[in-house]
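Data first, discussion second: the structure below is written as structure tokens.
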Amino acid sequence: MVRLSEGLRPFFGPLKRGYTAGTRAVSPATVRLSKLRGGWLPTGVAMTMEDAALDGGRFTLARPEEVLRRDRPIGDPTPYWCFEEALTETAERIGVLELTRGRVLHPHAVVVTERNRWLWEQCRYFGTTRPREHPMFLHPFPPDPVDVPGRLGVLTSRGDANYYHFLHDVLPRLSVLEQAGVERPDRWYVPYSKGWQRDLLAVWGIGPDDVVNSSEVPHVRAETLVVPSLASIDERNPPWVSEVIRERMVPAGLQRVPGKHLYLTRGAARNNRSVLNETEVMALLAPLGFELVDTGVLSIDEQISAFAEADVIVAPHGASLANLPFCSPGSALVELFPSQCMFPDFWKVACGVAGLDYRYLSGAGPAVPATRAAFVVADITVDLPKLEAMVSDLLAARQ
66 MVRLSEGLRP FFGPLKRGYT AGTRAVSPAT VRLSKLRGGW LPTGVAMTME DAALDGGRFT
126 LARPEEVLRR DRPIGDPTPY WCFEEALTET AERIGVLELT RGRVLHPHAV VVTERNRWLW
186 EQCRYFGTTR PREHPMFLHP FPPDPVDVPG RLGVLTSRGD ANYYHFLHDV LPRLSVLEQA
246 GVERPDRWYV PYSKGWQRDL LAVWGIGPDD VVNSSEVPHV RAETLVVPSL ASIDERNPPW
306 VSEVIRERMV PAGLQRVPGK HLYLTRGAAR NNRSVLNETE VMALLAPLGF ELVDTGVLSI
366 DEQISAFAEA DVIVAPHGAS LANLPFCSPG SALVELFPSQ CMFPDFWKVA CGVAGLDYRY
426 LSGAGPAVPA TRAAFVVADI TVDLPKLEAM VSDLLAARQ
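The sequence shown maps to residues 66 to 464 in our numbering.
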């Protein structure tokens with residue numbers, strides 16, 4: 066969700082461009098200004114984890130670069146460019162960086178080496194293409210760091226206040242550490258203030274005594290900082306991520322229930338990929354056995370159960386689909402998009418669920434520009450005849 070009021074969301078694109086350009090313009094001055102009090106803003110950049118390791122540390126490989134090949138999804142319209150481009154992708158190599166006296170600046174989760182260089186590869190921010198565009202440079206006077214003895218693991222990441230990014234970016238870092246065979250840290254630097262964050266971490270065996278809360282301690286310096294890679298900084302969503310999430314979080318015995326059909330709502334807030342004709346959509350789907358579900362009011366355990374037991378899901382693109390790894394093999398999804406504006410994020414996630422039948426449907430009405438800035442603030446008018454045909458075909462294929 067875009068962090069703007071409903072009225073400002075349509076202007077997200079130009080506001081984001083202005084914000085980024087402004088940051089780039091002032092960052093040299095804020096770095097100099099920072100030296101007047103602490104000098105905690107980084108003065109250089111390490112482009113890769115291997116480069117950062119030269120500042121007093123080491124990098125351990127967890128997974129080499131790998132080529133991802135996906136089958137073309139069924140959808141309307143087909144073919145569609147973003148799915149075609151993602152049929153074959155290369156997932157970057159990942160590993161674990163250990164830094165002597167490394168620092169982390171929150172709220173943007175920026176890793177900084179002892180030589181005051183920040184790690185571009187794992188810490189670049191959404192919508193930025195140059196190091197000087199990072200929003201940390203708008204804050205020249207971070208507080209002094211809290212020194213943490215021993216080994217401190219970094220789980221916090223950009224966007225970790227968002228459910229999708231916490232589930233798909235934060236938690237898989239634990240698996241990256243295991244795959245690299247690196248010694249487990251003494252504690253983890255991770256946001257721990259929201260109930261759902263605590264609940265998710267508890268499922269992965271992390272409790273209050275295991276964390277330094279990044280929401281309360283915005284700047285830390287560790288004796289040894291342990292930094293697992295994000296599973297995919299470029300959101301290529303390799304299938305092993307969905308597999309690991311399901312293995313760790315879905316209890317044995319939960320399985321798909323034939324005939325359990327869910328429609329996931331995004332609510333009524335405008336300029337938020339909400340479904341404008343949701344009443345008509347439910348009038349179409351309810352006779353086919355679909356139940357309207359708002360995942361935002363469900364506990365973590367209830368969300369896991371709902372997705373694990375679902376046979377067919379219809380949903381607009383949104384954070385609720387972060388739960389797709391909980392789906393059982395052989396389930397199905399129809400993802401709803403704004404008119405002529407689609408992105409393959411959750412299709413890639415779905416490719417990590419064995420046998421999941423993924424389909425997509427463009428909305429009706431004037432075409433939305435196929436840019437991220439336009440997409441995240443566009444609402445959806447579902448093409449009802451096309452939805453009825455797609456769902457009917459899907460259900461017939463499952464009999």
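Each residue gets a CB set at the ideal place from its N, CA and C atoms; glycine is no exception.
Sheet register partners of TYR254 (DSSP bridge): Position 189 of the sequence shown, counted from the start, is the residue given in the question as residue 254. According to DSSP, TYR254 bridges with VAL219 and VAL277.
contact_flag[the stretch 404 to 424, the stretch 289 to 308] where n(CB pairs < 8 Å) is 3 or more: yes
Touch test, the stretch 132 to 145 against the stretch 153 to 166, Cβ-Cβ under 8 Å, three pairs minimum: yes
Beta strand (DSSP E) segment containing PHE124, residue limits: Here residue 124 is taken as the residue at index 59 of the sequence shown, counted from 1. Boundaries of the beta strand (DSSP E) around PHE124: 122 to 128.
Between the CA atoms of VAL175 and LEU164 - distance to the nearest angstrom: For this step, residue 164 is matched to residue 99 along the sequence shown. For this step, residue 175 is matched to residue 110 along the sequence shown. If I take the Cα positions, the gap works out to 13 Å.
Helix, strand or coil at TYR328 [DSSP, three-state]: What you label residue 328 is simply residue 263 of the sequence shown in a count that begins at 1. Three-state result, TYR328: strand.
GLY83 versus ARG223: straight-line alpha-carbon distance, rounded: As a working mapping, residue 83 is identified with position 18 in the sequence shown. As a working mapping, residue 223 is identified with position 158 in the sequence shown. Rounded to whole angstroms, GLY83 to ARG223 spans 20 Å at the Cα level.
Of the residues LEU295, GLY192, PRO207 and VAL277, the one placed nearest LEU242, counting alpha carbons only: For the purposes of this step, residue 242 is taken as the residue at position 177 of the sequence shown. That would be LEU295, whose Cα lies nearest to the Cα of LEU242.
CB contact flag (GLU374, LYS325, <8 Å): Counting from 1 along the sequence shown, the entry for residue 374 is found at position 309. Counting from 1 along the sequence shown, the entry for residue 325 is found at position 260. Yes; because the gap between Cβ atoms is below 8 Å, this pair is in contact.
Residue interval of the alpha helix (DSSP H) (run including VAL306): Position 241 of the sequence shown holds residue 306. Residues 304 to 314.
Cβ-Cβ separation, ASN336 to ASP444 (assumed contact under 8 Å), whole Å: Here residue 444 refers to the residue found at position 379 of the sequence shown. Here residue 336 refers to the residue found at position 271 of the sequence shown. With a contact defined as Cβ atoms closer than 8 Å, ASP444 and ASN336 qualify at about 6 Å.
Inside the stretch 393 to 446 only - alpha helix (DSSP H) runs reaching at least 4 residues: 410 to 415 and 437 to 440
Per-residue DSSP class, three states only, for PHE355: Translated into the one-based positions of the sequence shown, residue 355 becomes position 290. Of the three classes helix, strand and coil, the one that applies to PHE355 here is strand, per DSSP.
Stretch-stretch touch, CB-based, cutoff 8 Å, three pairs: the stretch 190 to 206 with the stretch 103 to 113: yes
Check whether ARG313 and TRP253 have beta carbons under 8 Å apart: Within the sequence shown, residue 313 is the residue found at index 248, counting from 1. Within the sequence shown, residue 253 is the residue found at index 188, counting from 1. No. Outside cutoff.
Inter-stretch contact at 8 Å, needing at least 3 Cβ pairs: the stretch 412 to 428 / the stretch 377 to 391: yes
Within 8 Å, strictly: CB atoms of LEU357 and VAL399: Locating residue 357 in the sequence shown gives position 292, counting from the first residue. Locating residue 399 in the sequence shown gives position 334, counting from the first residue. In this structure, the beta-carbon distance from LEU357 to VAL399 does not fall below 8 Å.
Nearest residue (CA-CA) to ALA371, options HIS171, LEU319, VAL346 and ARG182: Translated into the one-based positions of the sequence shown, residue 371 becomes position 306. Ranking the options by Cα distance to ALA371, first place goes to LEU319.
Anticipated Cβ contact below 8 Å, MET455 with ASP141, distance rounded: Locating residue 455 in the sequence shown gives position 390, where the first residue counts as 1. Locating residue 141 in the sequence shown gives position 76, where the first residue counts as 1. Confirmed, Cβ separation roughly 7 Å.
Where LEU203 sits in the DSSP three-state scheme: For this step, residue 203 is matched to residue 138 along the sequence shown. For LEU203, the secondary structure class from DSSP, reduced to helix, strand or coil, is helix.
Spatially closest choice to ARG166 from PRO138, TRP185 and VAL213, by CA coordinates: Numbered from 1 along the sequence shown, position 101 holds the residue referred to as residue 166. Among PRO138, TRP185 and VAL213, the Cα nearest to that of ARG166 is on VAL213.
Continuous alpha helix (DSSP H) assignments of at least 4 residues falling wholly in the stretch 139 to 189: 146 to 150 and 185 to 188
Reduced DSSP secondary structure (H/G/I, E/B, other) of VAL67: Here the question's residue 67 lines up with position 2 in the sequence shown. Only weak support exists for where VAL67 lies, its pLDDT of 49 falling under 50; the coordinates are left without a value.
Classification of GLU198 by the beta-carbon crowding that lies within 10 angstroms, buried from 16 upward: As a working note, residue 198 is residue 133 in the sequence shown. When all chains shown are included, GLU198 counts as buried.
Distance, ARG216 Cα to VAL110 Cα: Position 45 of the sequence shown holds residue 110. Position 151 of the sequence shown holds residue 216. When rounded, the distance between both Cα atoms is 23 Å.
VAL322 CB to nearest heavy atom of the ligand COA below 7 Å: With respect to the ligand COA, the structure offers nothing, as it holds no ligand at all.
Neighbourhood of ARG180 by C-beta distance below 8 Å, restricted to the same chain and skipping five residues each side: Your numbering for residue 180 matches position 115 in the sequence shown. In the same chain as ARG180, and ignoring 5 residues on each side of it, the C-beta atoms closer than 8 Å to its own belong to GLY109, ASP120 and GLY121, in chain order.
Host beta strand (DSSP E) of ALA287 (start-end): The residue labelled residue 287 in the question sits at position 222 within the sequence shown. Here the beta strand (DSSP E) through ALA287 covers 284 to 293.
Residues near ALA333 by beta carbon distance below 7 Å, same chain, minus five either side: Stepping through the sequence shown from its first residue, residue 333 is reached at position 268. Answer for ALA333: SER339, listed in chain order.
Contact under 8 Å by Cβ, ALA117 with LEU162: For this step, residue 117 is matched to residue 52 along the sequence shown. For this step, residue 162 is matched to residue 97 along the sequence shown. In contact: ALA117 and LEU162 (Cβ atoms closer than 8 Å).
Environment of LEU101 [buried if 16+ CB atoms lie within 10 Å]: Within the sequence shown, residue 101 is the residue found at index 36, counting from 1. The residue is exposed, with fewer than 16 neighbouring Cβ atoms inside 10 Å.
Under the three-state DSSP convention, the category ARG97 falls into: For this step, residue 97 is matched to residue 32 along the sequence shown. If DSSP states are grouped into helix, strand and coil, ARG97 belongs with the helices.
Distance CB(THR330)-CB(ASP359) smaller than 8 Å: Residue numbering aside, residue 330 sits at position 265 when the sequence shown is read from its first letter. Residue numbering aside, residue 359 sits at position 294 when the sequence shown is read from its first letter. A contact, by the Cβ cut-off of 8 Å.
Between the CA atoms of THR85 and LEU459 - distance to the nearest angstrom: On the sequence shown, residue 459 is found 394 positions in, with the first residue counted as 1. On the sequence shown, residue 85 is found 20 positions in, with the first residue counted as 1. Here the alpha carbons of THR85 and LEU459 stand approximately 44 Å from one another.
Three-state class that DSSP yields for LEU452 in the structure shown: Along the sequence shown, read from residue 1 onward, the residue named residue 452 stands at position 387. LEU452 falls in the helix class under three-state DSSP.
Under 8 Å between C-beta atoms of LEU220 and MET201: The sequence position of residue 220 within the sequence shown is 155, counting from 1. The sequence position of residue 201 within the sequence shown is 136, counting from 1. No, Cβ-Cβ distance for LEU220 and MET201 is not below 8 Å.
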